Amino acid sequence: MDANGLQGEWLVGVDVGGTFTDFSARNLVTGQVRIHKRPSTPDDPGRAVIDGLAELVEKHAIDPASITRFAHGTTVATNALLQRRGARVAVVTTRGFRDLLEIGRQIRPHLYDLQLDNPAPLAPRELRFEIDERIGSRGEVVRPLTDESIAALIAELREHPEIEGIAVCLLFSYLNGAHEGKLAEALRAAFPDLLVSVSREVQPEFREYERFSTTLINAFLQPEVSRYIDRLRNNVGDAAPKAAFGIFQSSGGLMSAAKAADYPVRTALSGPAAGAVGAARSAALSKFDDIITLDIGGTSSDVCLIRNGRTSIARSRDISGFSIRLPMVDIHTIGAGGGSIATLANDGLMKVGPESAGAVPGPACYNLGGTLPTVSDANAVLNRLPQELVGGGFSLRRDLAVDALRPIANMLGIGLETAAMGIIEIVNSNIVRAIRTISVEKGYDPRKFVLMSFGGAGGLHAAEVARALGMKQVLVPEAPGILCADGLIAADLQEDFVTSCHLKLAAGVAELEAVVQELFVQGQAWLKTEAVDAQGERLMLFLDMRYVGQNYELPVEIEATVDAQGRVALPDVDALAQAFFETYERNFGHYDPAAPVEIVNARLRVLAHLSRNDRAQDKPVAETGKAKTVQVWFGEGYRNTKLIERVGLKPGDSFSGPAIVTQLDTTTIVPPDATMRIDEAGNMIMDLN
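Its first residue numbered 388, the sequence shown is counted upward by one per residue in this note's numbering.
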């Protein structure tokens, strides 16, 4: 029982952003939700987590011993990769493939820029070693791995004491991992202080460049991320001694801290993925299944398409020019946030971002030492931000925002408000282009979706972005600035298993069933070891399918049945083909029913449902009183605008714009030609006329 007399366990989710670190705590018995924000600490992200946790439990009188789960979305791996701040890594590969990581796919990063090179490999050539062995394309041993060649390799590695990690990437190891296993065992015995990443363990799939690159990135990140996780886990253990520690992974589920330390590459999009999970859950409470999310933070904007209540999954992507082949929530990120800096380019035109003022010194209006004009400063100049943020914990200085924007307005020869609107319109157009990338370019009409805005700055731009896309509704959740943290405590434990299997569909399903059966065995074993406290489970099967002769495949979800003896049965060939045709047509607008189809990978996603209470957040009662009126710039001038505190709104309330809705974690703009209503779930729904 906590100090408020409330019985029950608490779940805590923490999301570290570039500007703020967000906390969401939910009571499993009462459904009560408590939220908290504090500035991030870029020099040591864990410090903001621990300090914020202490502030959370003190502010809301939560007994630390009642916290049973601590879920964390981290940007440590992403930042280490972007800044190339990782381990000094050695790569061991099959003889003749030393330069594969440098050759890559021979694709220029920008088609028309002949001077721009791909980023240099994370392992320099002198730390890429070859070993005499070879597995063939059918998994057969072409050239055996001998003890003598292993001993010679170890001797070479000892000549480089600067090595902090080793990536083992052998050809065709996804078909036969015997050589990688033997080599990894020898290396771990010879170098017990070094972390060894093995490609078959990281991601056992075909396409050697992507597999090698993913394994190298994992080895590059391991020391940095594992130190961070160990340090944070110890500190959380002191602050909340009974809390199980979970890390959010890019594919949309939680994993154990030990697994995250072994496979840090899985956390490359940890924070944004949590936001998509939280958005799907919140939208479901308002009976919306098809949404496009818009998460605008202090440094970047993330957009994601959710269809039928489920997030889209990408199987591979590039981050900072490095290829990662792992299942990830399909999120498109651009450098456009509240802290994005506006500058004049050499051609005299204004651009915004991707450079950001971040948390330190932050936008000028934060009064923390920033002097450059940012998106937040533009909103402050137009009076679109209240004088206080984060429940009064952050006071804004409009006069400092004016000082920051005046030089750029003078250089352009335009008024201050016109310059501010120009900054906002540039950011909005960048966001619109990002949303088109995940919708129009993939065959989805954004007009058939609802835009869901969250993040600290999402509500400031949502209406204008939606209107530019022809969307008619904007959904604003109860705690939009904390939705990523809320998604962490709504997430399930999750693990993905994959097997490469080049099988012609016409040959029947018997061999495919044997492959899938092995995946189900692995999934059940994981449930027994990693998810013993789960309240339920779900297994999802995907087949990567393509027409014979194509280079790339499409993931197709398949319904498999499991009998009482644990035997897996798949649909017949015609049903599998039809599922592929439907997926192909949705992506490309046509399909050929006569062309032969093949399967290249089988994937199994295992979800273990954790106990949680999905009751809506309880809110303090506020006196409505007389609404305040402020002057806010819309269109060509200032207009009288209602300033409404969200805590005073209840289900069934509605009002028309212009209005600004303020709350602890965000600000939402309702333009003059829009109306806002509160639904039974406590979410705000904006209708655009």
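Don't be surprised by glycine CBs; every beta carbon is placed ideally from N, CA and C.
Note that this is a predicted model, so its numbers are computed, not measured.
key: Proximal residues to L468 (C-beta, below 8 angstroms), its chain only, five neighbours per side dropped   = I604, F607, L608, A655, I706, S707, F709
key: Boundaries (first-last residue) of the beta strand (DSSP E) holding E882   = 880–891
inquiry  = Pairs of beta-carbons, one from the region 406–421 and one from the region 439–451, closer than 8 angstroms: are there three or more?
reply    = yes
message = If I follow the unbroken beta strand (DSSP E) through F709, where does it start and stop?
response = 709–711
query = Taking only runs of the beta strand (DSSP E) that begin and end inside the region 933–996, which ones reach a length of at least 3 residues, in chain order?
reply = 941–945, 984–996
task = Taking only the alpha-carbon atoms, compute the straight-line gap between P426 and D402 and give it to the nearest angstrom.
result = 12 angstroms
Distance between P432 and Q470 (C-alpha atoms, nearest Å) = 15 angstroms
inquiry  = In the DSSP output, what is N414 paired with across the bridge?
reply    = W397
key: Contiguous beta strand (DSSP E) assignments of at least 3 residues, all confined to the region 821–875   = 837–841, 860–863
message = For M1063 and G1069, what's the separation of their Cα atoms in angstroms?
response = 12 angstroms
query = Do V943 and F967 have their C-beta atoms closer together than 8 angstroms?
reply = yes
request  = Determine the extent of the alpha helix (DSSP H) in which H566 is found, giving its start and end residues.
outcome  = 565–577
ask   = What residues in its chain sit with their C-beta under 8 angstroms from that of L846, if we drop five residues either side in the sequence?
value = Note on residue identity: the sequence assigns Gly, not Leu, to residue 846. Hits under 8 angstroms: S840, V863, P867, V1048, T1053, T1054, T1055, I1056.
query = CA-CA distance, N938 and G400?
reply = 41 angstroms
request  = Tell me, please, whether the region 503–523 touches the region 484–492 by the rule of three or more beta-carbon pairs shorter than 8 angstroms.
outcome  = yes
query = Can you list, in chain order, the residues of its chain whose CB lies under 6 angstroms from that of E1067, leaving out five sequence neighbours each side?
reply = P1038
key: Residue span of the alpha helix (DSSP H) that contains N597, given as start and end   = For the record, residue 597 in the displayed sequence is Glu; it is not Asn. Its alpha helix (DSSP H) spans residues 595–626.
task = Would you mind sorting D764 into buried or exposed? The rule is 16 or more other CB atoms within 10 Å of its CB.
result = buried
task = Flag D500 as yes if its beta-carbon sits less than 8 angstroms from any beta-carbon of chain D, otherwise no.
result = Considering every chain present, this structure includes no chain D. It has just one protein chain.
request  = Could you give the DSSP three-state label for R1033: helix, strand or coil?
outcome  = helix
inquiry  = Excluding the 5 residues flanking S1043 on each side, which residues of the same chain have their C-beta closer than 7 angstroms to its C-beta?
reply    = T1062
query = How big is the Cα-Cα spacing for A894 and P833?
reply = 40 angstroms
inquiry  = Looking only at its chain, what residues have a beta carbon closer than 6 angstroms to the beta carbon of F929, apart from the 5 residues adjacent to it on each side?
reply    = P942, E944, R990
request  = Using alpha carbons as the reference points, say which of L731, L713, L574, K646 lies closest to I813.
outcome  = L731
ask   = From what residue to what residue does the beta strand (DSSP E) around D649 run?
value = Per DSSP, D649 belongs to no beta strand (DSSP E); it is in the alpha helix (DSSP H), 644–649.
key: Helix, strand or coil at Q1050 [DSSP, three-state]   = coil
request  = Tell whether a beta-carbon distance below 8 angstroms holds between S453 and E535.
outcome  = no
ask   = For N1076, which three-state DSSP category applies?
value = coil
inquiry  = Out of V716, E900, F1021, which one is the CA nearest neighbour of A667?
reply    = V716
Best match in R1033, D920, N974 for proximity to S826 [C-alpha to C-alpha] = N974
task = Look at I1065 and L1036 and say whether their C-beta atoms are less than 8 angstroms apart.
result = yes
key: Limits of the unbroken beta strand (DSSP E) element including E1077   = No information on residue 1077 is available, as it lies outside the stretch 388 to 1076 that the chain covers here.
request  = In the DSSP assignment, find the unbroken beta strand (DSSP E) run with L656 in it and report its ends.
outcome  = Element bounds for L656: n/a, residue is neither H nor E.
inquiry  = Which residue marks the beginning of the alpha helix (DSSP H) containing I801, and which one marks its end?
reply    = Here I801 belongs to no alpha helix (DSSP H), and DSSP marks it neither H nor E.
inquiry  = Taking the alpha-carbon of L803 as reference, which of I822, L769, R525 has the nearest alpha-carbon?
reply    = L769
query = D534 lies in the alpha helix (DSSP H); which residues open and close that run?
reply = 534–545
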